[in-house]
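S.K.: Oh and the sequence shown: position 335 is 330 in my numbering, straight run, nothing missing.
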Amino acid sequence: MRQDYRENLKLALDTLRAHKLRSALTIVGVVIGVAIIIVVSGLLSGFNSTVMDAVTGVGADTAFISKEENGFHAGRATEEERKRKDLTLEQGQALFEGAPDIKAVAISIFSQAPSTLVRYKDQQVNASQNDFRGTFPAFADVYANANLKEGRFISDGDNEHKRDVAVVGENVAKALFPNVDPIGKMVNAGGHEFEIIGVFELPKGGFGGSNEDRRVVIPYYTFRKLYPNPDSTYHAYRIQAYPNRLDAAVDEARAILRRARKVPYNGPDSFAIQTSQQAIEDFYAIVGAVALATLVLSSIGLLIGGVGVMNIMLVSVTERTREIGVRKAIGARRGDITRQFLFEAMTLTGMGGIMGILLGWVIVLGLGAALDWKAVVPIWAVMVGFGVSVGIGLVFGVWPALKAARLDPVIALRYE
């Protein structure tokens, strides 16, 4: 008698309930394989969103220029990069004066110190190397994430008179002045006193793509006054091109810097220029490598799970040989037997897939909470994880199902 799919599913679930421990051990590989897919896809999805926020935060039609290579690449600076001469203020000014497609240039100077301690009375917070800088008013025009929550930005007068003023990130203001208006207060940064004249608004994605904004921005010439030794500082620029002229602006900047830095005609650049598009391409190159590693790891887990399912289904066929003989004797066809055992295998791995999805989801949420990281499991990952798990049961359940379907009913009924 032909069974419908609902009856096959009921039989499969009854079999799983009858052998709970054996079934659980069988699908461990499937659970691990699917969990890996969910965890990696969830973290990469959050990372992708963070990168897009960071790229958007620095502004459209912009490029970053530094002495060493930047972006998503592995390893430290090469020996050749470390030997390069620092960029200078004059070279940055030459970009604005000599490149018709460059609308503005934000010149920043940084300390070589890995971090700067910012204090107010008994409160303190660390600003990393890239967060403490000296700059010009153009910074607020070039960086899209330089919007102010309150106060004002650095002026030409602040730079000209080397005033000890600072604009700080929202997280710095909250840490140092949790219940007080920070404007007009004096803070100590790197051992020097500064008056806070403005507070940056925390942009979407935070400064640099995180949810932290610990910037401490002071006038360029004030920074030079505090750090007169050129060996203790370094420069970087961000250029803003006119709309749809970024490629031309980058070419002009490259030509100007090569002349200013006396780079030989056939020699490599002694500086690095990176656009937002290049940063995205570097990111996706890393994502591709991570995805490949994920595919390998999850495939190993799924393969182990598939082999386990095939073995347990073969054992099940042997244990239920007499049952198969009875079903065939009362009219069950080969197709009915095949579907029954395939459904059991697919149900087994499908349950493993659901467990793997739940486990992966919990891990993603846990890591997101622990690391304060934006991590969301995409729907496509859930669908892929479940589909792959069911597919493993289909592929590895074919041989046991066919073996069950081919049993001779007479011989099967005699089986003890």
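Even for Gly, the Cβ is constructed at its ideal location relative to N, Cα and C.
1) Asn306 lies in the alpha helix (DSSP H); which residues open and close that run?
2) So is Gly303 buried or exposed if we call it buried at 16+ other beta carbons inside 10 Å?
3) Smallest Cα separation from Val167: which of Ala133, Asp136, His187, Val113?
4) Under the assumption that Ala170 contacts Val212 (Cβ atoms under 8 Å), give the Cβ distance between them as a whole number of angstroms.
5) Could you round the C-beta distance between Ile102 and Tyr232 to whole angstroms and report it? I think they count as a contact, below 8 Å.
6) Check Gly326 in the structure and name its three-state DSSP category.
7) Taking all protein chains shown into account, decide if Thr130 is buried (16 or more other Cβ within 10 angstroms of its Cβ) or exposed.
8) Does the structure place the region 17 to 31 close enough to the region 182 to 199 that three or more beta carbon pairs sit under 8 Å?
9) Of all the options Gln269, Thr270, Arg249, Ser271, which has the alpha carbon lying nearest to the alpha carbon of Gly262?
10) Where does Gln88 sit, in a helix, a strand or coil, going by DSSP?
11) What do you get for Pro225, buried or exposed, if any count of 16 or more other CB atoms within 10 angstroms of its CB means buried?
12) Should the region 370 to 388 be regarded as contacting the region 340 to 360, the criterion being three or more beta carbon pairs within less than 8 Å?
13) Whole alpha helix (DSSP H) runs in the region 127 to 155 with 4 or more residues, listed along the chain?
14) With DSSP as the reference, label Ile178 as helix, strand or coil.
15) Does Ile325 pass the burial test, meaning 16 or more other C-beta atoms within 10 Å, or should it be called exposed?
16) Please report the distance separating the alpha-carbon of Val182 from that of Asn140.
17) Taking DSSP as the reference, what is the three-state secondary structure of Val258?
18) Label Ala399 either buried or exposed according to how many other C-beta atoms from any shown protein chain fall within 10 Å of its C-beta, with 16 as the threshold for buried.
19) Output the residue ranges of the alpha helix (DSSP H) runs that lie fully inside the region 209 to 244 and measure 4 residues or longer, sorted by chain position.
20) Put Arg401 into one of helix, strand or coil per three-state DSSP.
21) In its own chain, which residues sit with a C-beta less than 6 Å from the C-beta of Arg253, not counting the 5 before and 5 after it?
22) Using only CA atoms, which one of Tyr115, Trp394, Ala133 lies nearest to Asp176?
23) Run through DSSP, which three-state label would Val371 get?
24) State yes or no: is the C-beta of Gly296 within less than 9 Å of the C-beta of Ile33?
25) Hey, is the region 374 to 383 in contact with the region 318 to 334, meaning 3+ C-beta pairs nearer than 8 Å?
26) May I have the straight-line CA-CA distance separating Arg147 from Val163, to the nearest angstrom?
27) Taking the alpha-carbon of Ile31 as reference, which of Trp356, Gly361, Leu397, Trp394 has the nearest alpha-carbon?
28) I'd like the list of long-range same chain contacts for Leu402, defined as Cβ closer than 6 Å, with 5 residues on each side in sequence excluded.
29) Am I right that Asp277 and Thr217 are in contact with their C-beta atoms under 8 Å? What's the rounded C-beta distance?
30) So, for Asp151: in the same chain, excluding its five sequence neighbours on each side, which residues have a beta-carbon less than 7 Å away from its beta-carbon?
31) Please report the Cβ distance between Asp126 and Tyr229, rounded to the nearest whole angstrom; I am assuming they are in contact, meaning their Cβ atoms lie under 8 Å.
32) Identify which residue in Ala376, Pro223, Asp242, Leu360 has its Cα closest to the Cα of Leu290.
33) On the DSSP letters alone, give me the boundaries of the alpha helix (DSSP H) that Leu171 sits inside.
34) Does Ile349 come out as helix, strand or coil in the three-state DSSP assignment?
35) Between the Cα of Pro238 and the Cα atoms of Asp264, Thr270, Ile97, which residue gives the shortest distance?
36) Sort Lys157, Trp394, Ala286, Met308 by Cα distance to Pro223 and report the nearest one.
M.R.: Walking through what the data contain:
1) Reading the sequence shown from its first residue, position 311 is the one you call residue 306. Its alpha helix (DSSP H) spans residues 271 to 314.
2) Locating residue 303 in the sequence shown gives position 308, counting from the first residue. Buried is the call here.
3) What you label residue 167 is simply residue 172 of the sequence shown in a count that begins at 1. With distances taken between Cα atoms, Val167 lies closest to Val113.
4) Stepping through the sequence shown from its first residue, residue 170 is reached at position 175. Stepping through the sequence shown from its first residue, residue 212 is reached at position 217. No, Ala170 and Val212 are not in contact; Cβ-Cβ is about 16 Å, not under 8 Å.
5) Translated into the one-based positions of the sequence shown, residue 102 becomes position 107. Translated into the one-based positions of the sequence shown, residue 232 becomes position 237. So it is a contact: roughly 5 Å between Cβ atoms.
6) For the purposes of this step, residue 326 is taken as residue 331 along the sequence shown, with counting starting at 1. Gly326: coil per DSSP, three-state reduction.
7) By 1-based counting over the sequence shown, the position of residue 130 is 135. By the neighbour-count rule (16 or more Cβ atoms within 10 Å), Thr130 is buried.
8) no
9) As a first step, residue 262 is located in the sequence shown; it is residue number 267 there, counting from the start. Cα-wise, what sits closest to Gly262 is Arg249.
10) Counting from one through the sequence shown, the residue named residue 88 turns up at place 93. Looking at Gln88 - three-state DSSP - the assignment turns out to be helix.
11) The residue labelled residue 225 in the question sits at position 230 within the sequence shown. Label assigned to Pro225: exposed.
12) yes
13) 133 to 137, 151 to 155
14) For this step, residue 178 is matched to residue 183 along the sequence shown. Here Ile178 sits in coil by DSSP.
15) In the sequence shown, counting from the first residue as 1, residue 325 sits at position 330. Result: exposed.
16) For the purposes of this step, residue 182 is taken as residue 187 along the sequence shown, with counting starting at 1. For the purposes of this step, residue 140 is taken as residue 145 along the sequence shown, with counting starting at 1. Cα-Cα distance, rounded: 23 Å.
17) Start at 1 with the first residue of the sequence shown, and residue 258 comes out as number 263. Note: Val258 maps to coil in three-state DSSP.
18) One-based indexing of the sequence shown puts residue 399 at position 404. Per the 10 Å Cβ criterion, buried.
19) 215 to 221
20) For this step, residue 401 is matched to residue 406 along the sequence shown. If DSSP states are grouped into helix, strand and coil, Arg401 belongs with coil.
21) Your numbering for residue 253 matches position 258 in the sequence shown. Once the five neighbours on either side are set aside, Arg253 has no close Cβ partner at all.
22) Taking the first residue of the sequence shown as position 1, residue 176 is located at position 181. The option with the nearest alpha carbon to Asp176 is Tyr115.
23) For this step, residue 371 is matched to residue 376 along the sequence shown. Three-state DSSP puts Val371 in coil, outside helix and strand.
24) Mapped onto the sequence shown, residue 296 falls at position 301. Mapped onto the sequence shown, residue 33 falls at position 38. Not a contact, by the Cβ cut-off of 9 Å.
25) no
26) Reading the sequence shown from its first residue, position 152 is the one you call residue 147. Reading the sequence shown from its first residue, position 168 is the one you call residue 163. Distance between the alpha carbons of Arg147 and Val163 is about 11 Å.
27) Position 36 of the sequence shown holds residue 31. Out of Trp356, Gly361, Leu397, Trp394, Trp356 has the C-alpha closest to the C-alpha of Ile31.
28) To locate residue 402, count along the sequence shown from 1; it is residue 407. Taken in chain order, the residues that qualify are Ile319.
29) Start at 1 with the first residue of the sequence shown, and residue 277 comes out as number 282. Start at 1 with the first residue of the sequence shown, and residue 217 comes out as number 222. Not a contact, Cβ separation roughly 34 Å.
30) Counting from one through the sequence shown, the residue named residue 151 turns up at place 156. Here the set comprises Pro132.
31) What you label residue 126 is simply residue 131 of the sequence shown in a count that begins at 1. What you label residue 229 is simply residue 234 of the sequence shown in a count that begins at 1. Actually they are not in contact, since the Cβ atoms of Asp126 and Tyr229 sit about 14 Å apart, beyond 8 Å.
32) Position 295 of the sequence shown holds residue 290. If we check each option's Cα against that of Leu290, Ala376 comes out closest.
33) Position 176 of the sequence shown holds residue 171. Taken as a continuous stretch (DSSP letters only), the alpha helix (DSSP H) holding Leu171 covers 165 to 171.
34) To locate residue 349, count along the sequence shown from 1; it is residue 354. Helix at Ile349.
35) For the purposes of this step, residue 238 is taken as the residue at position 243 of the sequence shown. For Pro238, the nearest C-alpha among the options comes from Ile97.
36) One-based indexing of the sequence shown puts residue 223 at position 228. Among Lys157, Trp394, Ala286, Met308, the Cα nearest to that of Pro223 belongs to Lys157.
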